[in-house]
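First to last, the protein sequences are chains R and S. First residue of the first sequence? That's 4 in this note's numbering, and the numbers climb one at a time after it. First residue of the second sequence? That's 6 in this note's numbering, and the numbers climb one at a time after it. Below you'll find the structure, written out as structure tokens, and then a few comments.
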Amino acid sequence: MTNDIAIRVRGLTKSYTIEHNKEKHSTLAETMLQNIKTPFRRREKETFWALQEMSFDIEAGDVVGVIGRNGAGKSTLLKILSRITEPTSGVIELYGRIGSLLEVGTGFHPELTGRENVYLNGAILGMSHREIARQFDAIVAFSGVEKFLDTPVKRYSSGMYVRLAFAVAAHLSTEILLVDEVLAVGDVEFQEKCLGKIKDVANTGRTVIFVSHHMQSVSVLCKKAMFLERGKALYFGEVPVAIDHYVRSFGKKSTSVSDARRRPGTGELRLTSVEPSKEFFESGEEKRINITIERFSRFEGKYFISCAVVNALGVAILHCDSRMTGHWVDASDTYHGQFILRTPWLRPGEYRVDMFVCQAGIIDAFEHACHLNILPLLPYAVTDNTEATAHGVVFADFAYAAAPAPAAV
Amino acid sequence: MNDTLTVPAAAPASQTRERKPFVTIRPTAGWQALNLFQVWQYRDLLISLASRDVKLRYKQTALGIVWVVLQPLIAAGIFSFVFGKVANMSSDGVPYFIFSFAGLMAFNLFTNTVGKIGGSLTGNAHLISKVFFPRLILPLSAVPSTMIDFLVASGMMVGLMVVYRVSPTWTVCLLPVWMALLLMLAVGIGLCAASLMVSYRDVGYILPVFLQILMYASPVAYSITKVPANLRFWYDLNPLSPLIVAFRWSIFGTGLGDLPHLALATGVTLLVLLVGLFSFKRMERRFADVI
Chain R
4 MTNDIAIRVR GLTKSYTIEH NKEKHSTLAE TMLQNIKTPF RRREKETFWA
54 LQEMSFDIEA GDVVGVIGRN GAGKSTLLKI LSRITEPTSG VIELYGRIGS
104 LLEVGTGFHP ELTGRENVYL NGAILGMSHR EIARQFDAIV AFSGVEKFLD
154 TPVKRYSSGM YVRLAFAVAA HLSTEILLVD EVLAVGDVEF QEKCLGKIKD
204 VANTGRTVIF VSHHMQSVSV LCKKAMFLER GKALYFGEVP VAIDHYVRSF
254 GKKSTSVSDA RRRPGTGELR LTSVEPSKEF FESGEEKRIN ITIERFSRFE
304 GKYFISCAVV NALGVAILHC DSRMTGHWVD ASDTYHGQFI LRTPWLRPGE
354 YRVDMFVCQA GIIDAFEHAC HLNILPLLPY AVTDNTEATA HGVVFADFAY
404 AAAPAPAAV
Chain S
6 MNDTLTVPAA APASQTRERK PFVTIRPTAG WQALNLFQVW QYRDLLISLA
56 SRDVKLRYKQ TALGIVWVVL QPLIAAGIFS FVFGKVANMS SDGVPYFIFS
106 FAGLMAFNLF TNTVGKIGGS LTGNAHLISK VFFPRLILPL SAVPSTMIDF
156 LVASGMMVGL MVVYRVSPTW TVCLLPVWMA LLLMLAVGIG LCAASLMVSY
206 RDVGYILPVF LQILMYASPV AYSITKVPAN LRFWYDLNPL SPLIVAFRWS
256 IFGTGLGDLP HLALATGVTL LVLLVGLFSF KRMERRFADV I
């Protein structure tokens, strides 16, 4: 049986023009001054293709996972589908009302009470007052913050805040729903609740497009998946195949300057090289990663580096922020430095390293900057007991010592 | 978008071919239709945003709502002292305090609306980059809160007229007309300012200065009869001044000024509103990318 089409996309393209190696004109006076000084000069412009010639059909009732590395165009796709921004060319036909959850709690105001925020947030998401009123009790019950409905949300704990915000979003009853990693918030228990809610939504025959980095949720939730790379839909079909594409895409080395520019972040500074000092490390030894950061446009002051080590399950087991060691880098020169990881001992296997360059905000987010490969040699004295080392996320440098028995009272 | 919940999630397969898309997204270029119907469909959002603004205005202030009354009284008091007492300006035979209060009432309606609308896009940048709705909702949601100020000031005006024993004539019936024109002019200018401010934050700094100059270039604190004849031509180019003069005439029944200027100001007002609306619509599609 062929289903109805819910979303039809033809030749969807989105490009941005970037003026690079020039100071940005963010004030009217600067732009005018520049135009007066050199009226006929052609600006050095480069077109950045966020999405290129995408065409696909999504059937009604499908739950489609959209995966791809940072900068592949996932967010741009969602923004165009939800009509926040316009495509440069191409046509999209949506058969049904569309609702988008690009973040939870959009428009929540800290001074307003929980009740007021439910109505405001609902209206922002496109619900009518009547619709919210009708679902109000269900929303409140789902959030579990009944007692604090008339308290300003600035007095909420962050958990309560997120629960209430998600509760509103979860009751959006459009035929098509766009979801962007809203699950990345809240504690594990609440994430599971959210996942369950999305699953329920999917089971009611609504069309869901779900953007995520979390392969496990994609494989649990989605019937189909789309793999994006550099603004193109390279694969659309079976979930395991798409995930396989995604995983393999990390194997490709890509630190060319043009790739660096595609990455999220403001981009004044970019990580141009991130290389482990050795191809393989032993579990217990010191692991070093050489880093180069280059400046691409005007940038002043000091910045810091942050590094996440992610295991094969996608869990960030370590987060090492140079602010914690007081290491701030002066932006005046190209930075050549080293990230040194001493503890803990890593379990054998392959680790993904994400590197970030930040000041007030993120300047460069280089997800999957390199791998750390840990040799399958155990760092312990006894190395042949696999059962004893089967659990735990990392290895520890530990010991047991027998103490003298406490004296009888 | 449709608010009813009865839209079927999936139509029967036999209808596939005839089914029309609910929404078609394609790139737009040039001037666009205003699509006010879409704004109407999102009226609940407009109401929510407007009531948010009203609720938040006097949060964490000790005097709260009293400020709505205090602000125009203080301003008119200062004017009475500086212009009425010190500079001894004429006020067309009306007590100066109530004369300047009427001028300020009209001017504040205009200037508060322009200011609020001007900042309405940049102040809600997070909404623009995260959700879809007709962008016109944001500037329009700024209007009710300035209207409330105006209504409160109107109430105070009635009180002042009793105190000063000024009795209104039939002309007061035309007051809503001037009010509407002042609002339209303000919305037009505000929309231009708001859409420019998305790309150029300078507008946020220029705007208050511009509005300040405009106040002295309009007959708020003084009577238009005191403007030197050789400057009158330039003075009358400001569409705000015939509107303020007419506004005051409606209250006190004296000094309507000349009708051709009023007609011209009305024309300019309508033009400004249309330019504001359509240029906003034209620039709208870039907001989410630039803001």
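Beta carbons: idealized from backbone N, C-alpha and C, even for Gly. Computed from a predicted structure; not experimentally measured.
Can you tell me whether residue i is helix, strand or coil according to DSSP?
i, result
"R/Ser146", "helix"
"S/Ser200", "helix"
"R/Lys25", "Confidence in R/Lys25 is poor, its pLDDT being 48 and thus under 50, which makes the residue's placement too unreliable to answer from."
"R/Asn124", "helix"
"S/Trp239", "helix"
"R/Leu380", "coil"
"S/Val225", "coil"
"R/Gln55", "strand"
"S/Met94", "coil"
"R/Thr207", "coil"
"R/Glu271", "coil"
"R/Val318", "coil"
"R/Asn293", "strand"
"R/Lys235", "strand"
"R/Glu192", "helix"
"R/Thr91", "coil"
"R/Cys373", "strand"
What do you get for residue i, buried or exposed, if any count of 16 or more other CB atoms within 10 angstroms of its CB means buried?
i, result
"S/Val168", "exposed"
"R/Ile210", "Note that residue 210 of chain R corresponds to Thr in the displayed sequence, not to Ile. Buried, since its Cβ has 16 or more Cβ neighbours within 10 Å."
"R/His174", "buried"
"R/Asn206", "exposed"
"R/Met327", "exposed"
"R/Val171", "buried"
"R/Val260", "Residue placement at R/Val260 is flagged as unreliable, the pLDDT there being 49, under the threshold of 50; the coordinate-derived value follows with that caveat. Per the 10 Å Cβ criterion, exposed."
"S/Pro17", "Residue confidence is low: S/Pro17 scores 43 on pLDDT, short of 50, so the model does not pin down where it sits. Its coordinate-derived value is still stated next. So S/Pro17 counts as exposed."
"R/Gln138", "buried"
"S/Ser85", "buried"
"R/Phe342", "buried"
Anyone know if the C-beta pair for residue i and residue j falls short of 9 Å?
i, j, result
"R/Leu378", "R/Glu241", "no"
"R/Lys77", "R/Asp183", "yes"
"R/Pro90", "R/Val156", "no"
"R/Ser252", "R/Phe230", "yes"
"R/Leu97", "R/Leu81", "no"
"R/Leu344", "R/Val312", "yes"
"S/Leu245", "S/Phe112", "yes"
"R/Ile83", "R/Leu180", "no"
"R/Val94", "R/Lys227", "no"
"R/Tyr306", "R/Val332", "yes"
"R/Arg265", "R/Gly74", "yes"
"S/Ile318", "S/Ser134", "Beyond the ends of chain S as shown, which are 6 and 296, falls residue 318 of chain S; an answer cannot be given."
"R/Ser280", "R/Lys290", "yes"
"S/Ala251", "S/Leu179", "yes"
"S/Thr116", "S/Ala147", "no"
So with Cβ pairs under 9 Å, would you call residue i a contact of chain S?
i, result
"R/Ile1", "Look at the range of chain R in this structure, 4 to 412, and you will see that residue 1 of chain R is not part of it."
"R/Tyr122", "yes"
"R/Tyr98", "yes"
"R/Asp7", "yes"
"R/Pro90", "yes"
"R/Thr50", "no"
"R/Gly110", "yes"
"R/Leu105", "yes"
"R/Gly93", "yes"
"R/Asn24", "Low confidence applies here, because R/Asn24 scores a pLDDT of 47, under 50, leaving its location unreliable and the question unanswered by this model."
From the beta carbon of residue i, is the nearest beta carbon of chain R less than 9 Å away?
i, result
"S/Thr230", "no"
"S/Ile122", "no"
"S/Leu132", "yes"
"S/Ile79", "no"
"S/Arg57", "yes"
"S/Phe137", "yes"
"S/Ala293", "yes"
"S/Gly33", "The question names Gly, but residue 33 of chain S is Thr in the sequence shown. Chain R, which has a Cβ nearer than 9 Å to the Cβ of S/Thr33, makes this yes."
"S/Pro144", "no"
Would you check if there are 3 or more beta carbon pairs closer than 8 Å linking the stretch 214-223 of chain R to the stretch 54-62 of chain R? no
Under 8 Å: do the stretch 388-401 of chain R and the stretch 297-309 of chain R share three or more Cβ pairs, one atom per stretch? no
With a threshold of 8 Å, are at least 3 pairs of Cβ atoms found where one atom belongs to the stretch 114-126 of chain R and the other to the stretch 53-62 of chain S? yes
Below 8 Å, how does it come out for the stretch 151-162 of chain S and the stretch 223-235 of chain S: are there three or more Cβ pairs, yes or no? no
Are there three or more Cβ pairs, one per stretch, closer than 8 Å when the stretch 100-115 of chain S is compared with the stretch 65-79 of chain S? yes
Does the stretch 177-189 of chain S touch the stretch 245-262 of chain S, meaning 3 or more C-beta pairs lie closer than 8 Å? Yes: the two stretches touch, three or more of their Cβ pairs being nearer than 8 Å.
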